[in-house]
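For reference, each letter of the sequence shown is one residue, going 5 to 425 in the working numbering.
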Amino acid sequence: MGEIETMNSKQLLAFYQEKLDEEAREAKAKGGLVAWSASVAPSEFCVAMDIAMVYPETHAAGIGARKGSQDLLEVATELGYSVDCCSYGRVNMGYMELLKQQALTGKTPDKLANSPAAKVPLPDFVITCNNICNTLLKWYENLAVELNIPCVVIDVPFNHTMPIPQYAKEYIADQIRAGIAKVEEITGKKMDWNKFLKVQEQTQRSVAQWNRVARMSSYKPSPLNCFDLFNYMALIVCARSRDYAEFTFKKFADELEENLANEIYAFKGAEKNRVTWEGIAVWPYLGHTFKGLKNQGSIMTGSAYPGLWNLSYTPGELCSMAEAYTRIYINTCLENKVNVLLDVVNGGKSDGIVYHLNRSCKLMSFLNVETAEIIKEKTGLPYVSFDGDQTDPNNFSAAQFDTRVQALGEMMEAKAQKEGE
């Protein structure tokens with residue numbers, strides 16, 4: 005631990021991301037089991053059963069951020085996957101196909117050899133959950149069929165009303181029990197429930213530190229640019245049930261608190277206005293979107309998207325865990341989605357809102373028009389939207405984005421001047 009303790013949070017983030025990939029490769033080499041998991045599926049029981057975990061959504065996001073998604077999207081198109089399908093899924097199916105070709109021929113396809121994709125092995129089974137979208141069910145079902153492996157599904161119904169009724173929590177708790185039973189069948193060993201409890205407790209420590217980081221944007225000026233959450237969220241997805249995430253987020257929060265105490269802010273005193281970002285990042289253009297806002301003095305002080313992993317629950321109470329995995333805001337009614345985003349807007353003391361109309365993620369985009377109008381009515385804050393995609397670079401126009409955020413900047417400035425009169 006000596007060397008790790010001297011690392012800063014960015015170094016820890018890179019170290020643990022690579023460590024997780026290496027653990028998956030080692031598990032496969034030694035005959036252990038590897039699972040590919042949806043990002044907000046309850047992974048605690050797999051971690052408790054010592055299964056190496058890979059998260060295709062995070063893997064695809066990393067490929068997109070490194071400008072490597074185009075080749076894999078082309079492979080998916082050759083397989084027959086429409087451009088209307090989620091680009092995370094298409095990148096993942098393209099990656100899977102190239103690994104299959106490598107396994108069959110013993111040769112690495114050029115598009116894989118030249119890819120910036122982190123090299124992770126094919127899964128022995130997949131686990132998915134429909135609390136984000138139903139696309140995940142078909143995506144993982146296709147993976148299972150293509151690879152002839154088991155598919156574990158945790159069904160989490162949509163919440164048309166709030167609060168979440170007890171019968172829904174009990175149903176999802178039973179789904180988790182059924183998932184555990186299925187994994188016991190796959191592994192041939194029984195769940196160690198004491199170990200499962202410890203994994204749940206670790207998950208809560210990681211989530212607490214993640215929330216501690218996110219709260220730092222409430223200060224004005226802010227020591228945290230919330231674009232950093234898009235990068236650090238790799239660990240809340242992939243390692244929330246490991247101490248890797250807790251250790252990294254604690255280090256990051258400590259650094260931010262020290263900067264705040266020393267009056268060191270994210271924009272070095274040049275913070276002009278504050279915006280909330282609603283939706284997934286545009287990974288192939290993460291730098292451009294960040295700079296587009298920064299160049300006009302706009303700091304991003306909140307996003308509901310990283311808050312999907314605010315999976316707070318009481319360890320040992322399966323119904324409490326079930327509630328955490330069903331209450332995420334895109335799995336709830338419009339009224340609750342608005343309330344969650346309002347909390348983000350108010351907590352970040354935002355002056356305006358940017359809505360990403362994401363071609364890939366229909367569920368996160370379909371209600372943006374209604375959400376935007378309701379929040380404007382409640383807060384009076386200006387907003388803009390732009391067309392984009394999480395990993396398909398063909399669905400984003402840099403010029404359109406720049407024009408929209410410039411317009412938002414002008415609206416925020418006009419509002420501030422009017423209020424100052």
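Backbone N, C-alpha and C define an ideal beta-carbon position, used for all residues, glycine too. None of these values were measured; they are calculated from a predicted model.
Compare the C-alpha of residue 483 against each of 281, 212 and 65 and name the closest.
-> Outside the displayed range of the chain (5 to 425) lies residue 483, so it cannot be described from this structure.
I think residue 99 touches residue 121, with their Cβ atoms under 8 Å apart; what is that distance to the nearest whole Å?
-> 6 Å
Are the beta-carbon atoms of residue 147 and residue 130 separated by less than 8 Å?
-> Yes, these two residues count as a Cβ contact at 8 Å.
For the 8 Å Cβ check, are there 3 or more pairs between the segment 364-379 and the segment 224-242?
-> no
With DSSP collapsed to three states, give me the class of residue 390.
-> strand
Tell me whether residue 287 is buried or exposed, calling it buried when 16 or more other Cβ atoms sit within 10 Å of its Cβ.
-> buried
Distance, residue 76 Cα to residue 97 Cα | 8 Å
Can we say the segment 295-304 touches the segment 270-287, given the rule of at least three CB pairs closer than 8 Å?
-> yes
Is it buried or exposed for residue 84, if we count other Cβ within 10 angstroms and need 16 for buried?
-> So residue 84 counts as exposed.
Measure the CB-CB distance between residue 409 and residue 228 and report whether it falls below 8 Å.
-> no
For residue 116 versus residue 126, is the C-beta distance shorter than 8 Å?
-> no
For residue 215, the first and last residue of its enclosing alpha helix (DSSP H) | 197-218
Taking the alpha carbon of residue 380 as the point to measure from, which residue in 359, 206, 396 and 391 has its own alpha carbon closest?
-> 359
Between the segment 336-346 and the segment 194-209, are three or more C-beta pairs nearer than 8 Å?
-> no
Residue 359 (DSSP reduced to helix, strand or coil) | strand
Return the first residue and the last residue of the alpha helix (DSSP H) that residue 184 is part of.
-> 170-191
If we count the other Cβ atoms within 10 Å of its Cβ and call it buried at 16 or more, is residue 170 buried or exposed?
-> exposed
Nearest-angstrom Cα distance between residue 93 and residue 152?
-> 18 Å
Please work out which residues of its chain come closer than 7 Å, Cβ to Cβ, to residue 368, disregarding the five sequence neighbours upstream and downstream, and give them in chain order.
-> Same-chain partners within the cutoff: 283, 284, 334 and 362.
When 137, 167, 269 and 119 are compared against residue 45, the one with the closest alpha-carbon | 137
Close Cβ partners of residue 387 (< 8 Å) along its chain, the five nearest in sequence each way excluded | 356, 357, 358, 359, 376, 379, 380 and 412
Alpha helix (DSSP H) containing residue 49: first to last residue?
-> 48-52
Proximity below 8 Å, CB of residue 53 to CB of residue 191 | yes
Do you know how far the Cα of residue 31 is from the Cα of residue 37?
-> 6 Å
How many angstroms separate the CA atom of residue 134 from the CA atom of residue 421?
-> 45 Å
Classification of residue 404 by the beta-carbon crowding that lies within 10 angstroms, buried from 16 upward = Answer is exposed; the Cβ neighbour count stays below 16.
What are the start and end residues of the alpha helix (DSSP H) that includes residue 299?
-> Careful: residue 299 lies outside any alpha helix (DSSP H) and carries neither H nor E.
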